[in-house]
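So that you can map any letter, position 29 of the sequence shown is 702 in my numbering, and since no number is skipped, the others follow by simple counting. These notes concern the structure reproduced below.
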Amino acid sequence: MTVSDWLESAAAKIPRPEARQILESVLGFSREDLVSTGRRDLSNDDVGKADAGLARRIQGEPLAYVVGNKEFYGRDFFVTNAVLIPRPETELLTEAVLPIAQPGWTCVDVGTGSGCIAVTLALENDVRCLATDTSSAALEVAVTNADKLNASVRFLQSDILRAFQKNAVNLVVSNLPYIADGDPRVETSVKDWEPPSSLYAGATGLEAISELIEQAAHVLKPNGWLALEFGIGQADAVRRLLENWNVEMRRDLAGIERFVLAQATS
Ligand SMILES: C[S@@+](CC[C@H](N)C(=O)[O-])C[C@H]1O[C@@H](n2cnc3c(N)ncnc32)[C@H](O)[C@@H]1O
């Protein structure tokens, strides 16, 4: 079976660009390589691996997990089902903190998952970047990404910011879980495949964010910054939790308030 034969047959079952990405990941090819090798015969081993990827996708597993990759802020991040697949909203959060983070600052990404925020921050700005997560499996993925992308980030297994001392940090950035347990609006592809520990926060969905705000008030230096993402419809509740902070709400591309930049009042 040639590359083209496999693509034709797979494209009858899933969108052609997805079939192409599955084959690229199996063969370790770039898109250009794949286009120029349409007549190449695939080994039985490669066909077996590509078919296995196709079967996973047909069963509904997100493409990023099947191919082990998701682009974030222009870079390829390795992902497994131990981490949330990085989202475009989180690129907006990251982009918003880049002008704030000054060279020499100590910045902490809380709930780092794939490491996408911390790695991007470390590569884009000359800051001292640390990142925490409670999940050791997620931290392994994050370390792989930092190594692969040559980013200097220190990873710690910690509950939120418990590993940090008072007045030690200039900027905390975070996308912690913010979905209420049992929320029926969660899409099947998310609910069935992404790690529950990266999605659900408790009965209201605000439990992790509320704890983060409390801990950040302790570890941030005077006038330090907290930037965090939250869910649709949570803006007013987050404003209330931040009533003693200077707060600037930001919107996503759909115009919905989805993250906040807050400065600790000294
Ligand atoms: C929504 S995911 C975000 C991952 C990544 N930062 C991103 O934006 O793609 C939340 C992450 O927070 C971690 N997490 C959940 N509770 C935590 C806690 N109490 N302390 C630290 N990390 C936590 C989860 O393991 C998960 O990796």
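For each residue, glycine too, the CB sits at the ideal point set by N, CA and C. Keep in mind that this is a model prediction, so the values were computed, not measured.
List the DSSP bridge partners of residue i.
| i | result |
| --- | --- |
| T805 | V783 and L829 |
| G875 | A853 |
| L901 | S847 and V933 |
| T675 | D714 |
| L812 | Paired residues: none, contrary to the question. |
Taking all protein chains shown into account, decide if residue i is buried (16 or more other Cβ within 10 angstroms of its Cβ) or exposed.
| i | result |
| --- | --- |
| P761 | exposed |
| Q732 | exposed |
| L915 | buried |
| P690 | exposed |
| I886 | buried |
| E902 | buried |
| N848 | buried |
| V708 | exposed |
| S682 | exposed |
| P688 | exposed |
| Q694 | buried |
| E867 | buried |
| L926 | exposed |
| P759 | buried |
| K686 | exposed |
| K839 | exposed |
| A876 | exposed |
| L664 | With the chain covering 674 to 939 only, the question about residue 664 has no answer from this structure. |
| N917 | exposed |
Just reading off the beta strand (DSSP E) that residue i is part of, what are its end residues?
| i | result |
| --- | --- |
| N843 | V842 to S847 |
| E744 | N742 to F745 |
| R748 | R748 to F751 |
Terminal residues of the continuous alpha helix (DSSP H) containing residue i?
| i | result |
| --- | --- |
| D724 | N717 to I731 |
| W977 | Past the edges of the chain, shown from 674 to 939, lies residue 977, and the structure says nothing about it. |
| L696 | R689 to L700 |
| T796 | As written in the sequence, residue 796 is Leu, which differs from the Thr given in the question. Segment C789 to E797, the alpha helix (DSSP H) holding L796. |
| T763 | P761 to V770 |
| A881 | E880 to V892 |
| D865 | Note, D865: premise wrong, no alpha helix (DSSP H); not H, not E. |
| S703 | It is not in any alpha helix (DSSP H) - S703 carries neither H nor E in the DSSP assignment. |
| L914 | A908 to L914 |
Tell me which same chain residues have a C-beta within less than 6 Å of the C-beta of residue i, skipping the five on either side of it?
| i | result |
| --- | --- |
| T817 | F751 |
| L872 | P850 and I852 |
| E921 | L934 |
| R712 | T675 |
| A791 | D782, T785, C802, A804 and V826 |
| S703 | none |
| R729 | V739 |
| A692 | L680, A683 and A684 |
| E697 | L707 |
| R924 | E930 |
| A795 | C802, A824, S825 and V826 |
| A889 | V845 and L899 |
| C789 | F745, F750 and P759 |
| A836 | L829 |
| V892 | L834, F837, A841 and V842 |
Output needed for residue i: all residues of its chain with C-beta closer than 8 Å, excluding positions within five of it in sequence on either side, in chain order.
| i | result |
| --- | --- |
| T753 | Y738, G741, A810 and V814 |
| S883 | L914 |
Tell me which same chain residues have a C-beta within less than 7 Å of the C-beta of residue i, skipping the five on either side of it?
| i | result |
| --- | --- |
| R912 | V920 |
| D832 | T807 |
| Y944 | With the chain covering 674 to 939 only, the question about residue 944 has no answer from this structure. |
| A908 | M922 and E930 |
| D854 | Y873, G875 and A876 |
| L700 | D719 |
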